[in-house]
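Residue numbers (the working numbering), protein chains in the order written: chain A, 1 to 248; chain B, 1 to 248. Where a beta carbon is used, it is the ideal one built from N, C-alpha and C, also for glycine. For clarity, every value in this text was computed on a predicted model and none was experimentally measured. Notes follow once the structure below has been shown.
2 protein chains.
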Amino acid sequence: MTERQLPGYRRIANEVRAAIAAGEFAEGDRLPSVSALAERFAVTTGVVVRALEVLKAEGLVIARHGSGVFVRRFAAIRRSSPARLSRARWGTGQMIQDADTEVRPRVVDVVVAESPAPAWVAEPLGLTSGSDVLSRSRRFLVEDRPVQLAVSYYPADLVRGTRIALTDTGPGGAYARLAEQGHAPAHFTEYVRGRFPSPVEAGGLELQAGTFVLEITRHAFTAAGLCVEVNRMILDATAYILDYTFDA
Amino acid sequence: MTERQLPGYRRIANEVRAAIAAGEFAEGDRLPSVSALAERFAVTTGVVVRALEVLKAEGLVIARHGSGVFVRRFAAIRRSSPARLSRARWGTGQMIQDADTEVRPRVVDVVVAESPAPAWVAEPLGLTSGSDVLSRSRRFLVEDRPVQLAVSYYPADLVRGTRIALTDTGPGGAYARLAEQGHAPAHFTEYVRGRFPSPVEAGGLELQAGTFVLEITRHAFTAAGLCVEVNRMILDATAYILDYTFDA
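Next up, the structure:
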């Protein structure tokens, strides 16, 4: 689709986005008024209002009631997988998300349940499809904003009767409990993709229409190569920067 | 936004997406005709057509001229950073993207240039902002579909007069050449985020309006901790699954 074929509000959204990217409007700046933008781009105020709705949905600008529309400060959560999942952390009773810099998401809505494993969970865990797994689902909030949904799955036989089956897994969380059972995670693989959310995910993350998520699926392995957890995380893509370090 | 507030075509897009997710329509299946879908969801054919446009933009379905709309086979490129960047690969003259499973993106439109470094490039490279950097920009195609844009930046003083300044960097690519200069990459950090593309990026990747990209920024460090490359990659999010492995 060429620029010329775009609806007017999309074209204006692109113009304002480019001006932000070029530094004409800096983080925290108030944008010119709707009428000033309409005059600048020679469009109606209605087109500008729709363009700003696009940029709000993208998380690029934010409306403050009564004071205008501002370029959002990009305060993404730095999520460093190697650092946050090191044994030095959960092995000493710390919470994994305490490694996330500056902002520490808090956990709410913990639901523990047993159910038959779907194929994408059963296969890495080495179970036959439909075997019982224990799932722990929860949401992560920063201040009052939901930023992540996560569901961890464990073979039911492995964790039934342990504190992993309780709402509060105790110091160091599920990985510390697995270690106590002789199943300490030693290696992890995370699969990352971007996609549009399902309606349930969009609801849980309070996402506006047209926004998207990062889906991370983590497999945790013991030193012996046994997969003991599959964890699927759905992240508000505007809220996170992921970082991964590795050697040549 | 609740389901009730959504425009009709968004609601129908959600319904069809859910049916695909639930397996009612499997990968490769032809969807029912527009009129059949309109009847099923009690909406006009116009609403169904717009809903299918949404799903096409998401990469979930694909129209085949004259034969209908099909659920796309998800043949994402598996991009395994630790495996593809191992010295065992580039140190023996192989191309990094040969590690990508099944599909091997080919490189086109290589442009080499010298220019002043923007701050986000200068800072990790330990240069003052505006210092000269050599940039190598290129696009990656799978068959004829663009899937990635990438620009690598090197301190100009480090690579001027080497094969890194030529279009063809030779066997093993830029990392092999850096190693020959005594600057072999030993450690990498990749920063991953999802965002909407700039108009230039959308053009280069031939993305439809409303789709999004994964942005990966890689810093390559020598064993001595010197950053010798900053590489920013813009990926069509529907074309890739990234994977990262690390230890506890």
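Cβ-Cβ distance between residue i and residue j below 8 Å
| i | j | result |
| --- | --- | --- |
| arginine 84 of chain B | leucine 141 of chain B | no |
| leucine 235 of chain A | glutamine 181 of chain A | no |
| glutamate 206 of chain B | proline 146 of chain B | yes |
| arginine 160 of chain B | glycine 170 of chain B | no |
| phenylalanine 212 of chain B | alanine 237 of chain B | yes |
| serine 135 of chain A | valine 151 of chain A | yes |
| glycine 68 of chain A | leucine 31 of chain A | yes |
| serine 115 of chain A | alanine 122 of chain A | no |
| alanine 51 of chain B | isoleucine 12 of chain B | yes |
| arginine 218 of chain B | phenylalanine 188 of chain B | yes |
| alanine 176 of chain A | glycine 91 of chain A | yes |
| alanine 25 of chain B | phenylalanine 246 of chain A | Sequence check: residue 25 of chain B is phenylalanine here, not alanine. No. |
| leucine 166 of chain B | histidine 183 of chain B | no |
| glutamine 94 of chain A | glycine 172 of chain A | yes |
| serine 137 of chain A | valine 108 of chain A | no |
| tyrosine 153 of chain A | glutamate 229 of chain A | yes |
Contact list for residue i against chain B, beta-carbon separation under 9 Å
| i | result |
| --- | --- |
| glycine 194 of chain A | Gly194, Phe212, Val213, Leu214, Leu235, Ala237, Thr238 and Tyr240 |
| alanine 22 of chain A | Simply none; closest approach about 10 Å. |
| proline 82 of chain A | Tyr244, Phe246 and Asp247 |
For residue i, three-class secondary structure by DSSP
| i | result |
| --- | --- |
| valine 110 of chain A | strand |
| proline 171 of chain A | coil |
| alanine 220 of chain B | strand |
| alanine 202 of chain B | helix |
| glycine 194 of chain A | strand |
| proline 7 of chain A | coil |
| leucine 37 of chain B | helix |
| threonine 162 of chain B | coil |
| threonine 45 of chain A | helix |
| proline 82 of chain B | helix |
| proline 105 of chain B | coil |
| threonine 2 of chain B | At threonine 2 of chain B the pLDDT is 48, less than 50, meaning the model places this residue with poor confidence; the figure from the coordinates comes in the next sentence. Of the three classes helix, strand and coil, the one that applies to threonine 2 of chain B here is coil, per DSSP. |
| leucine 178 of chain A | helix |
| glutamate 53 of chain A | helix |
| alanine 18 of chain A | helix |
| alanine 88 of chain A | helix |
Length of the line joining the Cα atoms of residue i and residue j
| i | j | result |
| --- | --- | --- |
| tyrosine 301 of chain A | alanine 21 of chain B | It is not possible to answer for residue 301 of chain A, since the shown part of chain A is limited to 1 through 248. |
| leucine 60 of chain A | alanine 174 of chain B | 35 Å |
| alanine 42 of chain B | alanine 38 of chain A | 39 Å |
| valine 71 of chain B | threonine 45 of chain B | 19 Å |
| valine 49 of chain A | aspartate 144 of chain A | 27 Å |
| glycine 8 of chain A | arginine 139 of chain A | 38 Å |
| isoleucine 241 of chain A | arginine 193 of chain B | 5 Å |
| alanine 113 of chain A | proline 155 of chain A | 12 Å |
| alanine 202 of chain A | alanine 239 of chain B | 22 Å |
| valine 133 of chain A | proline 118 of chain B | 50 Å |
| cysteine 227 of chain A | alanine 220 of chain A | 6 Å |
| serine 80 of chain A | serine 33 of chain A | 39 Å |
| threonine 244 of chain A | alanine 223 of chain A | Before going on, a small fix: residue 244 of chain A reads as tyrosine here, not threonine. Each residue's alpha carbon lies about 21 Å from the other. |
| proline 185 of chain A | arginine 89 of chain B | 28 Å |
| proline 82 of chain A | glycine 225 of chain A | 18 Å |
| asparagine 14 of chain A | leucine 55 of chain B | 22 Å |
| serine 198 of chain B | valine 16 of chain A | 11 Å |
| arginine 87 of chain B | isoleucine 77 of chain B | 21 Å |
| histidine 65 of chain A | valine 47 of chain A | 20 Å |
| leucine 6 of chain B | tryptophan 120 of chain B | 39 Å |
| alanine 179 of chain B | aspartate 168 of chain B | 16 Å |
| alanine 249 of chain B | arginine 10 of chain A | Here chain B covers residues 1 to 248 and nothing more, so residue 249 of chain B does not appear. |
Bridge partners - residue i, DSSP secondary structure assignment
| i | result |
| --- | --- |
| proline 32 of chain A | According to DSSP, which records beta bridges pairwise, proline 32 of chain A is partnered with nothing at all. |
| proline 155 of chain B | B:Val133 |
| tyrosine 240 of chain A | A:Ile77 |
| glutamine 148 of chain A | A:Phe140 and A:Leu235 |
| isoleucine 12 of chain B | Its beta-bridge partners do not exist; DSSP assigns none. |
| proline 116 of chain A | A:Asp132 |
| alanine 125 of chain A | Reading the sequence as shown, one finds leucine at residue 125 of chain A and not alanine. Answer is none; leucine 125 of chain A lacks a bridge partner. |
| glycine 68 of chain A | A:Arg64 |
| phenylalanine 188 of chain A | A:Ala220 and B:Phe246 |
| valine 228 of chain B | Valine 228 of chain B pairs with nothing; no bridge assigned. |
| glutamate 215 of chain B | B:Arg193 and B:Ile234 |
Partner residues on chain A for residue i, Cβ-Cβ distance less than 9 Å
| i | result |
| --- | --- |
| tyrosine 191 of chain B | Arg78, Ile241, Leu242, Asp243 and Tyr244 |
| phenylalanine 188 of chain B | Tyr244, Thr245, Phe246, Asp247 and Ala248 |
Heavy atom of the ligand MN within 7 Å of residue i beta-carbon
| i | result |
| --- | --- |
| glycine 93 of chain A | Because no ligand of any kind appears in the structure shown, any question about the ligand MN cannot be addressed here. |
Within chain A, the residues that residue i reaches when beta carbons sit closer than 8 Å
| i | result |
| --- | --- |
| glutamate 58 of chain B | Arg195 and Phe196 |
| alanine 18 of chain B | Ser198 and Pro199 |
| proline 185 of chain B | Ala248 |
Proximal chain B residues relative to residue i, where beta-carbon distance stays under 7 Å
| i | result |
| --- | --- |
| proline 146 of chain A | By Cβ distance, chain B contributes nothing, its closest Cβ being about 14 Å from proline 146 of chain A, past 7 Å. |
| asparagine 14 of chain A | Pro199 |
Chain B contact residues for residue i, given Cβ-Cβ distances below 8 Å
| i | result |
| --- | --- |
| arginine 87 of chain A | Ala248 |
Cutoff 8 Å: residue i Cβ touching any chain D Cβ
| i | result |
| --- | --- |
| glycine 28 of chain B | In the structure shown, chain D does not exist; the protein chains are A and B. |
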